[in-house]
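Trainee: For the working numbering, count along the sequence shown from 1 and bump the result up by 19.
For glycine and all other residues, C-beta sits at the position ideal for the given N, C-alpha and C.
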Amino acid sequence: MHRAYFLRVAMVMIFLFQKGTIREKLRGVVRLTFEHSKNLALFVGVYKSVLAVLRANQRSLGEHVATEVGKPGAHWHAAVAGGIGGYLVWGRYSGVNYQIVMYLMSRALISLVRVLAAKGYQPFAQHQFKHVYPLLATVVWAGVMWLYENEPATLHPSLLKSMEYLYDESCHWKDGLVEFLPSPATTTVLLLTWMQL
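1. Among 205, 208, 163, which residue has its Cα nearest to the Cα of residue 186?
2. Do you know whose CA, among 107, 190, 159, lies nearest residue 65's CA?
3. Determine contact between the region 97–111 and the region 59–74, defined as no fewer than three beta-carbon pairs at a distance below 8 Å.
4. Assuming residue 84 and residue 78 make a contact with CB atoms under 8 Å, what is their CB distance in whole Å?
5. In three-state DSSP terms, what is residue 200?
6. Our contact map puts residue 174 next to residue 166 with C-beta atoms below 8 Å; I'd like the distance itself, whole angstroms only.
7. Quick one, are the C-beta atoms of residue 148 and residue 126 less than 9 Å apart?
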């Protein structure tokens, strides 16, 4: 996940769902962005170091290494280095780490299904992603809405907070006509969108 993307997400999430002054919210954005950037840098360092150790071990055993430095010497090296880095860097629970792991898990699962389909494994090979995607969206949204309405304590606090805002707090006009004015979050999103043009 690119840090500029994370910065935009952190800004929107903090300005939309966190309470506090603009200064406190900006400090939160800086803190979360720093944690994200620091963890990415640490992970890359651990990953590359483990790859180097595995590569040196492979050579010490007299095996030929055909890949360039910084790349896995064998297919399994990436999994071992990723697992060690994942445990050491992302294994400590924090809001940032949780978001990154969830982000990667969803994409990795979709990629795994695509690999299985490309290699001819059933039932994955008999379905095209564009035909299965509507079912995926249906199951995910049905599941999360059922959890929200019936087992909300099981949802991650940030997801629960955003769902409460969207599905419960939006049912009541506590501020009257002021509700129709753009919120600080909406203004932030509009500014970020405008700045990218």
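Mentor: In terms of the structure at hand:
1. Locating residue 186 in the sequence shown gives position 167, where the first residue counts as 1. It is 163 whose Cα lies nearest to the Cα of residue 186.
2. Residue 65 sits at position 46 when you count from the first residue of the sequence shown. Ranking 107, 190, 159 by Cα distance to residue 65 puts 107 first.
3. yes
4. Start at 1 with the first residue of the sequence shown, and residue 84 comes out as number 65. Start at 1 with the first residue of the sequence shown, and residue 78 comes out as number 59. So it is a contact: roughly 6 Å between Cβ atoms.
5. Here residue 200 is taken as the residue at index 181 of the sequence shown, counted from 1. In the structure shown, residue 200 adopts coil according to DSSP, grouped into three states.
6. Here residue 174 is taken as the residue at index 155 of the sequence shown, counted from 1. Here residue 166 is taken as the residue at index 147 of the sequence shown, counted from 1. Confirmed, Cβ separation roughly 6 Å.
7. Along the sequence shown, read from residue 1 onward, the residue named residue 148 stands at position 129. Along the sequence shown, read from residue 1 onward, the residue named residue 126 stands at position 107. The answer is no: Cβ separation not under 9 Å.
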